[in-house]
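S.K.: Here it is: the structure, laid out below.
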Amino acid sequence: MPHVPTHGIPLEIVLHIIESACFDDDTIDAAFLGVCSLVGKSWTLPAQKLLFKRVQLCSQAAYNSFACAVSSSTQRGRVLANSVLQMRVVLDNNQPGPLKQACFARAVTLCPNLRELNLALYGCGEPGKDVVGSPALERMRRPAPSFERSTLDLLRTGPSITSLRFSNWSDNGQSIVQLLDIWPSLTSLSITGKTPHFSPGLTHPPYACPLTRLTMDCQLEPSLDFLQWLLHGSSQAKSLRAIDLDRQPSLDLLDYLTRTHGESLRELALPSCRTLEHANAVIRCHSLRDLRTERASTSPVVFRKLPAGIRRIAFGMDEDTPLQHVIEAVNTRDELDTVTVNLWGRGGSHRELSRLKMACAFRGVDLRITSDVRVHRAMVVSR
346 MPHVPTHGIP
356 LEIVLHIIES
366 ACFDDDTIDA
376 AFLGVCSLVG
386 KSWTLPAQKL
396 LFKRVQLCSQ
406 AAYNSFACAV
416 SSSTQRGRVL
426 ANSVLQMRVV
436 LDNNQPGPLK
446 QACFARAVTL
456 CPNLRELNLA
466 LYGCGEPGKD
476 VVGSPALERM
486 RRPAPSFERS
496 TLDLLRTGPS
506 ITSLRFSNWS
516 DNGQSIVQLL
526 DIWPSLTSLS
536 ITGKTPHFSP
546 GLTHPPYACP
556 LTRLTMDCQL
566 EPSLDFLQWL
576 LHGSSQAKSL
586 RAIDLDRQPS
596 LDLLDYLTRT
606 HGESLRELAL
616 PSCRTLEHAN
626 AVIRCHSLRD
636 LRTERASTSP
646 VVFRKLPAGI
656 RRIAFGMDED
666 TPLQHVIEAV
676 NTRDELDTVT
686 VNLWGRGGSH
696 RELSRLKMAC
706 AFRGVDLRIT
716 SDVRVHRAMV
726 VSR
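Set out below in structure tokens:
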């Protein structure tokens, strides 16, 4: 039998394997890490550090347990507090034992290395009228209080957040403005749900923070005035590198974004690019490295005029989607390394799909094909 060293596999290698196995883009296998922490004393603290890398607080009870675990009164607590890099918080007064605003702010301040915050805000339904699973539009008509000044002041004393994902399922469209005033360190911003707006009669100085990434999935399209305010610092610094629009933008919105930020953009994602006007707005971005759509309606002009430095393209296709210019792009864009295709309808029987496969194989381009739009999104987001 081969000799097994008494000291076993080096702990660093074991932990690297564990970390690779238990993390994906948005979730952590807490049960798996909990088991790992029980293997032996040498595994306990390292496994707990991985477990605390991503924290989720959805109730007051969860906060109480978390605050106890990261207490600065113990060495272990300080180590675990320093391990927190990402935090997901839910503020929902419809739930029993909801997390309090002040405790949310306190949780943030307990984590000096926290960089990514995912915050979901829910409005409060009237007593007896809160229906589980009610439509999103009804949820967003529920009132939610603005953040209290004491909460905002406490958040200002906390770590420098660089990534904020804010999901607003209430009728309070001003909450995001309050939060943005706290963190001048933001580089990535995602806004979902209620369309943000300013309070009537109030003026705000232009948002000076130079963002590098903006993701939007609002129920209604934000006004150009709000976007000009939000992206003022980004346009001054020419810092915006990525825009991800989960809902189809109007021509006015897309035209504004590409005229103002097209020079700096490296990534652009939108549901479709059907019209010539939308296509002309997209091809204005001469430095694009990554272009993503998913519906089977992308204008051929987009593929015909892809920038020379394009590296990744993703699109949807059905049996009628023109592929000639996609194939030409594969053959002529030397930097192109990945093509991701989502098949709609009878797209798998497209007469030119085999030519696309051959072109990608000949050029060494990674061709990924799926007929599940959820898989398609996962493929392009996980790059």
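Residues in the sequence shown are numbered consecutively from 346, following this note's numbering. Using N, Cα and C, we set each Cβ at its ideal position, and we do this for glycine too.
#1: Buried or exposed for SER520, please, with buried defined as at least 16 other CB atoms from any protein chain shown within 10 angstroms of its CB.
#2: Where does the unbroken alpha helix (DSSP H) through GLY578 begin, and where does it stop?
#3: Mapping DSSP to helix, strand and coil, what is ALA322?
#4: Three-state secondary structure (DSSP) at SER508?
#5: For the beta strand (DSSP E) containing PHE660, name the first residue and the last one.
#6: Give a yes or no on whether the C-beta atoms belonging to ARG640 and SER617 are separated by under 9 angstroms.
#7: Contact between the segment 683 to 703 and the segment 655 to 672: three or more CB pairs below 8 angstroms?
#8: With GLN523 as the anchor, note down where its alpha helix (DSSP H) starts and where it stops.
#9: Using the C-alpha atoms, what's the distance from THR557 back to ARG510?
#10: May I ask you to report which of helix, strand or coil DSSP gives ASP717?
#11: Between VAL435 and the rest of its own chain, which residues show a CB-CB distance below 6 angstroms, the 5 nearest in sequence each way excluded?
#12: State the Cα-Cα distance for the pair TYR408 and ARG657, rounded to the nearest angstrom.
#13: Quick check on the burial criterion: 16 or more other C-beta atoms within 10 angstroms. Buried or exposed for PHE449?
#14: Could you say which of THR540, GLY470, SER580 and ARG592 lies nearest to ASN439 if we only look at CA atoms?
#15: Hey, out of LEU681, ILE628, GLU461 and THR507, whose CA is closest to HIS606's CA?
#16: For VAL522, does the count of other Cβ atoms within 10 angstroms reach 16, so buried, or fall short, so exposed?
#17: Report the residue from LEU681, LEU596, SER533 and SER584 whose alpha carbon sits nearest the alpha carbon of MET561.
#18: How far does the beta strand (DSSP E) with ASN463 in it extend, from its first residue to its last?
#19: Excluding the five sequence neighbours on either side, which residues of its own chain have a C-beta within less than 7 angstroms of the C-beta of SER530, listed in chain order?
#20: How would you label GLN393, buried or exposed, when you count the other beta carbons within 10 angstroms and need 16 or more for buried?
M.R.: Let me spell this out:
#1: buried
#2: 577 to 582
#3: No answer is possible for residue 322: the residues shown for the chain start at 346 and end at 728.
#4: strand
#5: 657 to 662
#6: yes
#7: yes
#8: 520 to 525
#9: 14 angstroms
#10: coil
#11: CYS403 and ALA465
#12: 41 angstroms
#13: buried
#14: GLY470
#15: ILE628
#16: buried
#17: SER533
#18: 461 to 467
#19: SER505, ILE506 and THR507
#20: buried
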